[in-house]
Amino acid sequence: MNSCWWPALLGASLLVSIPPACAAPLPRRLGECRKTFIKEIHYRLSSTDANGVQIPIPGSGSAVSYTNGGYQVSYDTVPAIHRSREGDPVQLCLTFLPDCREAPRGDERGRLYAARNLRTGETWSLPDSQHSCGGA
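For the sequence shown, the residue numbers in numbering that gives the first Met the number 0 are 0 to 135.
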């Protein structure tokens, strides 16, 4: 048995104790899904105060990062994201691949992922960037 997943067998309250290294890599093929965990929940924008501290700007949209390096962002506030918690297990599925043939080499922004929080059952579908490949 894979030691990364044994705490999941003991109950949902132990899921947050699973080490981030146990998250599966980002899905790369259309329709592929992978399990990961919420690393951080943010608002889309923040500002820096006089002491250099980042202050979140509520109402600027939502952003979420995952332990497998994934990221999703929206100009709108997504309540399901803000009801989630750091460490929550998430099923992340790749649902759209942009046509980046005309974009600068290496610019693959605009992938769309569907996420399902396995603790709350709530879902959201957002891109990995505010702009698609070749955009601003």
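Even for Gly, the Cβ is constructed at its ideal location relative to N, Cα and C.
{"Query": "Could you tell me if V77 is buried or exposed, where buried requires 16 or more neighbouring beta carbons within 10 angstroms of its beta carbon?", "Result": "buried"}
{"Query": "Using the DSSP secondary-structure output, state which residues sit across from Y70 in a beta bridge.", "Result": "S64"}
{"Query": "So, do the stretch 86-106 and the stretch 46-58 have three or more beta carbon pairs nearer to each other than 8 Å?", "Result": "no"}
{"Query": "Take G120 as the anchor and find which of R82, G133, S46 and D48 has the nearest alpha-carbon.", "Result": "R82"}
{"Query": "Could you check the C-alpha separation between C132 and I37 for me, to the nearest Å?", "Result": "25 Å"}
{"Query": "In terms of DSSP beta bridges, what is R33 paired with?", "Result": "L91"}
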